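Under this note's numbering, the first residue of the sequence shown carries the number 4, and numbering increases by one thereafter.
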Amino acid sequence: MDSQPAMFPESPAMANAPPVPASPSISFRLGRGEEILPGYVLRERIGCGGYGEVWSAVAPGGLLKAVKFVYGREEDAWASRELKSLRHAKALRHPFLLTLERIEIVDGHLVVVMELAESNLKLRLREARRAGLPGIPRDELLGYLHEAAEALDYLWESHSLQHLDVKPENLLLVGRHVKVGDFGLLKQLRDTSVSVISGLTPAYASPEVFDGKPGPRSDQYSLAIVYQELATGALPFRGQSAAALAAQHVHGEPDLSGLAPHERFAIGKALSRDPARRFGSCRELIARLAQRGSGAVMTGLNPPGASRGDAPEPNRVAADQGWTPVSVHDGQTISTEAEQPMSLAPLALEGMEATYRPTVFVGVGGTGGRVLIRLRRLLMDRYGDSDSWPALRLLWIDTDVAAIESAASRDGQKGLREEETLAVPLKQSWHYRNGPLGKLPSLSRRWIYNIPRTLRTEGLRPLGRLALLDHAPSILEALRRAVASAADPEAVAATAQHTGLPFRPADPRVFVVASIAGGTGGGMMPDLAYAVRQVLMENGFSDADVSGLLVYSSRNADAGRNLAPASAYACLHEMHYFSLPGSEYPGEPSCKLAGFRGAGPSFKNTYLVDLGDQVGDGSFEQHVDQMATYLLLNAVSPASVFFDQCRAGSPGSEADGEFSIRTLGLTALSTDTQPLLAEWTERLCRTLVRRWQGEADRNSSPGGADYAQFVASCASHEPSRAIADTHAAELLAASGVTPEQLIEGLRTGLDRLLGEEVDVLLKRILSEGLAADRPIEEILGRLHALTGILDPGGSPEMDRPPSLRQLGESEAARRGAELGEAMQDRLARWVNAWEASVADARRAADALVASLDSLETALRQRFRGVESRRAAYLKNLLELAGEAQARRLKRQELLAEHLPGYSALVVDGLLAELAARAVRSMRSAIAAGSEQLRDLWKDLNRLCEDFAVSDAAAEARPAPAALRGDGARFLVHPAELFAGQSEAMVRRLDREMKDGFFSAKRRLSDLSFADAPLRHDLLAAMRLAARKVLLQCVRDADLAWLRESLSGDSARSLDALLEHCRESAMPRLLPSTGGALRWLLVVPEGLDGARLAEEVQRSWGDRPTVIPGEWGETLLCCEAERLALARVCGRLLQSRPDCRELASRLHSRLDVNW
């Protein structure tokens, strides 16, 4: 056994408990081999707590027993109380109670000998958690707790006893059965002389036990907590101290978010603070938990594989008697046997085509806005930005200006576009008191005088209607724009073109989404419903397809959460009133809201989605996603034909003579990507930008091995310097940048500027000087002046014509800049044509600069060499001329022979110098281009910083098809999948961006940190494309998993997944509200839908309608109809009967006799 105590409390005692000795006070020694009781030899200590310890022992006959030693003397308070409890226990005889064999006083200490158990449910929970499960498997757990319930009910029904310390450690396992042990707190309720406060375990104790007044249903309360802990691994109350737990039990509400919808009712009822509202017995609680989606409760249940033998089982129905309906009473309203919803046959849809038509989605209040934001994201994931689907229009109306501002932006990247939102805030009271609204007979002035300072409704329905009336012209105008824009033939044609769906001009359909538990959504209904119908009819459209998706939920953050049931009830009551024959909606003529007579209910189809009370953020977001997906299926999916037929084939306003509503549920047979999708979208985008840079993502902080593998597999390797040098040399050669080509090009340029060849010009100048028999100095001076060589003996500079040097320097600068810009453009083209990364281009530019530096050095060395030869030649020439003058030699012939050689050296030196200048110009142009590439690299680096990659480590990989504690499904683990396919995903994202964003005359080199619109557009396009890539990756993997699971060769079982999906898709309103339901299975191409439908039917008996999907997702949807309004309202008020009277004060208008 585990070292933790198995038969007495291990939790801290209450603050007012008597002190426990700091060290155990037992006068005899406890140890292996000791024989405290004659014949009982101790083996090992198997448990220890604040009031005693338990040892295993070998009893006479070699039998193993458990021996408990209670600390303190028999007259001490704790020992005395336990002895009194044990005297009660001696009379107990039940197969599921641990057997007590001896109760002795040894040396003044209480010693108890009892049956030795093999384990306990606390240890069994640990085994299940180590196996990757959230808790003990449900059927096994129900079997165990049914036995515990029988034992606990036996204590009360036969002996008027309560155990008062029911917890997993005290539910012991013996031969695959449970036995209730540790009777230290066993109390006969007629005995008021014994307090139990000092020994209770705060995590499991009921409120009345904390008050010292335990009752017949106290153990049931503890058993409910035990069920939640063993099923989910989490307690409903999670205080960190005894005082905090006491406060939560007495005043707080339990957190039941980890339970399945059908379990929450049973556990919530058993955890009622008022014992009268709990079940009549522990067996009823377990029977209700055993119920799966119907009103019948199973009264007999065995754990899998267990054998019952011949032991008597009181109050148990034999297994062959199956299911027995029992009355379910919620403690506040008297209810008869729960009515099962009728299962409808699959629809025969062969030959029917889905109709794709203009659709307007109106969200009201915070919940409506969240659904629209999620819907917009789903549409963008599939079809791109909203410009691609103009026949689908979204409009969010809310009184919370801050919420709208935080979610609206020019392009919709924050959630919605600005034109898709409408703020309708309340105003100060004085604005209404003397205005037209203050005189309306339908409005109560007391609400006008009590507008909160926040200018929000704070959950008050009448204030929601006040905001609607105040902004009625704006609301009607926004509705008109949305309807007209969606129905515009050009918008319909554009939507068909971009989505590939056969959209046709038709009367628009409208979905209105709102929470009726809040002040804005609940207060604006049903006026807004009739306003939508008014706008449709004003435009000549039918109002036959206006559906309301009404949501009920309360969250801890909601200001009006305490009013939620009353607000919802009042709203439904009003809608019911207007649906009655002979009733009419009066409208509000002064606000341009038309009245309706004989028009039936507010909505042609009214849905109510019950999310429950105190919904956690994670659960709320999951429901938002489900509702958005449902709307998506109705608008742009072949499944729309299924929903159209369901609505067409059922009455919208009458069912058994009563106004009825519909409900829905939806889930995906797929991996839940939401917890990781945003993070990996950022990672994928950042990695691609790093690839464009040509760098690995060294600046990020990887979040574990998966991300390290991801970056390592995607990082481009830095090219070697030799490769960059090769690219530079090839580019120089292709551009004609060699010394000879540069010099020849400059010579040609000078010839063009002079109008004749340079050599011809110089030859003529020399010939003219010789013909005139001018002195050698004058001839050389003119030559030097013409070529630009400085000569102090020459003519003044002002008298000289433009020299060849001056012309050449201009030509060298022009040609150098021209060649440099051409090479710079070539580098940019490499980047923009995706032939090289920015870093590669920068390295090539650096190599070019280095090559040009070398070339300039070589040309200057050439120039110096030529200048050296020219100087020597000049000296020799002058000496030769002087000698000829002295000897009266033939001077003319001598100079004519040697001057051309000197002239050639002058030109060679000049061209070498000019070529060096041209190279310098080239280098400057390329250096400027390199600086531009450097700036682009920096801009891309800033872009990387916009993609927020967290430091959180990747989650450990669960088993395939495992369920996490929060209910998220993993057919494949996204982090592992993304890391394993990172290279393929980066390549695909790269292709998406090049074919999409950069195909519209955009270039990567255009990106500038200062160009905010371009940068913003790039961020949005990258995130959208990355999400599509990631989602497709997961969908492909999920599809492969499902295909393998359906194949005959696979050993995988779908049972766990299908059961979880059924529970997730089953609406909370079912089954207690009756009605009828039909299942839909949307399967992607490549999956055998008929085969999967057979598995679904085998799993829970109902065969779904199968429709092919288009997005690679497998979806399960429940469409329920004909739910009786009275039953629905009864369910909403089951925990708050006082809200029925409160609802009468929350009606939104005074001029109707509700």
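Note that the Cβ used here is the ideal one computed from N, Cα and C, for glycine as well.
The structure presented is a predicted model; accordingly, all values stated were derived computationally and were not measured.
Asked, Found
"How many angstroms separate the CA atom of residue 870 from the CA atom of residue 911?", "9 Å"
"Is residue 690 helix, strand or coil by DSSP?", "helix"
"Check residue 728 in the structure and name its three-state DSSP category.", "helix"
"Within 10 angstroms of the Cβ of residue 860, are there 16 or more other Cβ atoms? Answer buried if so, exposed if not.", "exposed"
"Give the DSSP-derived three-state secondary structure of residue 696 in the structure shown.", "helix"
"Threshold first: 4 residues or longer. Then list the alpha helix (DSSP H) segments lying entirely within the region 610 to 677, N to C.", "620 to 639, 643 to 651"
"Let me know the secondary structure DSSP gives residue 537 once reduced to three states.", "helix"
"Name the two residues that bound the continuous beta strand (DSSP E) containing residue 1.", "Nothing in the structure corresponds to residue 1, since the chain is present only between 4 and 1157."
"Out of curiosity, what's the CA-to-CA distance linking residue 809 and residue 755?", "14 Å"
"Less than 8 Å separating the beta-carbons of residue 790 and residue 807?", "yes"
"Only counting the same chain, and skipping five residues up and downstream in sequence, which positions put a Cβ closer than 8 Å to that of residue 1157?", "576, 577, 580, 1147, 1150"
"For the pair the region 258 to 267 and the region 128 to 135, tell me if three or more CB-CB distances fall below 8 Å.", "no"
"Taking the straight line between their C-alpha atoms, what separation do you get for residue 346 and residue 1077?", "11 Å"
"Below 6 Å CB to CB, which residues in the same chain sit around residue 626 once its five sequence neighbours on both sides are set aside?", "614"
"Using 8 Å as the Cβ pair cut-off and three pairs as the minimum, do the region 342 to 362 and the region 637 to 647 touch?", "yes"
"Label residue 452 either buried or exposed according to how many other C-beta atoms from any shown protein chain fall within 10 Å of its C-beta, with 16 as the threshold for buried.", "exposed"
"Going along the chain, which residues of its own chain have a beta-carbon closer than 7 Å to the beta-carbon of residue 385, five neighbours each way excluded?", "1114"
"Say whether the region 441 to 452 touches the region 548 to 560, bearing in mind that this needs 3 or more beta-carbon pairs closer than 8 Å, one atom from each stretch.", "no"
"Just verifying my parser: in three-state terms, what is the DSSP assignment at residue 460?", "coil"
"Does the Cβ of residue 1004 have 16 or more other Cβ atoms within 10 Å, making it buried, or fewer, making it exposed?", "exposed"
"Quick one: what does DSSP say residue 1062 is sitting in, helix, strand or coil?", "helix"
"Any idea what DSSP makes of residue 717, helix, strand or coil?", "Reliability fails at residue 717, whose pLDDT of 41 lies under 50, so the model's placement of it is uncertain and the value that follows must be treated cautiously. Reduced to three states, the DSSP call for residue 717 is helix."
"When you compare each of 833, 902, 908 to residue 936 by their alpha carbons, which one comes out closest?", "833"
"Taking DSSP as the reference, what is the three-state secondary structure of residue 44?", "strand"
"Below 8 Å, how does it come out for the region 980 to 1000 and the region 905 to 923: are there three or more Cβ pairs, yes or no?", "no"
"Going by beta carbon distance, what residues of the same chain come within less than 8 Å of residue 610, once the five residues before and after it are set aside?", "550, 551, 552, 553, 664, 665, 666, 667"
"Taking DSSP as the reference, what is the three-state secondary structure of residue 550?", "strand"
"Would the region 278 to 290 and the region 141 to 150 be scored as touching if the rule is three or more Cβ pairs under 8 Å?", "yes"
"Within a Cβ cutoff of 7 Å, which residues of the same chain sit near residue 213, ignoring the five residues on either side of it in sequence?", "249, 252, 253"
"Using DSSP's beta-bridge definition, name the partner residues of residue 362.", "395, 512"
"Who are the Cβ neighbours of residue 115 in its own chain at under 6 Å, not counting the five residues just before and after it?", "71, 106"
"Any idea if residue 638 is buried or exposed, counting beta-carbon neighbours within 10 angstroms, 16 or more meaning buried?", "buried"
"Quick one, are the C-beta atoms of residue 137 and residue 233 less than 8 Å apart?", "no"
"According to DSSP, residue 1124 sits in a beta bridge with which residue or residues?", "1079"
"Kindly list the residues whose CB is nearer than 6 Å to the CB of residue 435, restricted to its own chain and excluding five residues on each side of it in sequence; keep chain order.", "441, 451"
"Please check the pair residue 1010 and residue 1105, which I expect to be a contact at CB under 8 Å, by giving their CB distance rounded to whole angstroms.", "Their Cβ separation, rounded to whole angstroms, is 55 Å, which puts residue 1010 and residue 1105 out of contact at 8 Å."
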